[in-house]
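In what follows, a structure is listed as structure tokens, so that the remarks can point back to it.
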Amino acid sequence: MMERSALGNVAVVIPCLDEEEAIAAVVREVLAEGVGEVIVVDNGSRDDTAGQAAAAGARVVSQPLRGYGRACAAGLAAVRPETDIVCFLDGDGSDVPAFLSAVVEPVASGKADFVMGSRLLGRRESGSMTPQQLVAGRLAGVLLRLTYGVRFTDMSPLRAMRTDRLVALGMREQTYGWNLEMQMRAAGAGLRCLEVPVDHRRRRGGQSKVSGNALAGLSAAWKISTTFIRLARLQRARQVPEPAPALRR
């Protein structure tokens, strides 16, 4: 486990939509781990998410155009240039900030390029993950292993990568496909990918934007499936060599 002082050059990005009930406690927990900065991206909240986050010590960035990927991208763009490593986690209190050091350490020490916390390998509170989330994570893991030969068991939001490497991946997904795209692009680029066990809790307030109801869960599952197929095709197309230019006489 890393010393807390070693997290000083780490920025934590927290995308948020209507999380006023939980976000202040989340920010305080993250700051207590000794990270350099917490960036909360307010993704068009209709409540006091931004005010609660700022009062707790976060730097708040506004991205009024809704979409999980848009919020994550806005947070990444706001990371200071001197920051070595960027982490992501959710603002509903379900991710456990005490595991930030476990996620960051392999990146900081050079053991891995991309590290994700697996909720399936850690301890989960009863009801903290819905059946839709469990099935989606396992399905994505199978597809990633068959396509890229990497092992993932989850699509947890708790993850870490060196800032410059993440920027170089050229992330494009604007909604719920962001996490899967990051895993696919990292694997497709040949980065060293690693999962570590992390604990997971029930959300501390509000309603899940992914799985709070059946319609949202089905929508997210559809987005994940179509994102995988589309990105896999794009990456495969890039591997086909272009025809050599005609020689000039």
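Count the sequence shown with the UniProt record's numbering and you get residues 1 to 249, in order. Backbone N, C-alpha and C define an ideal beta-carbon position, used for all residues, glycine too. Owing to the predicted nature of the structure, the values given are computational and were not obtained by experimental measurement.
- For VAL103, same chain residues with a beta-carbon under 8 Å away, outside a window of 5 residues either side, are CYS87, VAL115, MET116, GLY117, LEU158, ARG159, ALA160, VAL196 and VAL198 in chain order.
- Contact check for ALA189 against LEU169 passes: the beta carbons are separated by less than 8 Å.
- Three or more beta-carbon pairs separated by less than 8 Å are not found between the stretch 128 to 146 and the stretch 55 to 66, which leaves the two stretches without contact.
- ARG80 has no beta-bridge partner at all, per DSSP.
- Taking a cut-off of 8 Å on C-beta distances, the stretch 45 to 55 touches the stretch 8 to 28, as three or more cross pairs fall below it.
- Within the same chain, Cβ atoms closer than 7 Å to the Cβ of LEU31 are found at VAL38 and GLY57, the five residues on either side in sequence being excluded.
- Secondary structure in the stretch 129 to 164: the alpha helix (DSSP H) runs of 4 residues or longer, each lying completely within the stretch, are 131 to 148 in chain order.
- Non-local C-beta neighbours of GLN235 in its own chain, meaning closer than 6 Å and more than five positions away in sequence, comprise GLY188, ordered along the chain.
- DSSP places ARG202 in the coil class of the three-state scheme, outside both helix and strand.
- Note: ALA11 is bridge-paired with GLU37 and VAL86 in the DSSP secondary-structure output.
- The residue from TYR68, GLU20 and GLU125 with its alpha-carbon nearest to that of ARG46 is GLU20.
- Annotated three-state conformation of LEU194 is strand, per DSSP.
- The beta carbon of LEU76 lies closer than 8 Å to those of VAL13, VAL86, THR163, LEU166, VAL167 and MET171 in the same chain, with the five residues before and after it left out.
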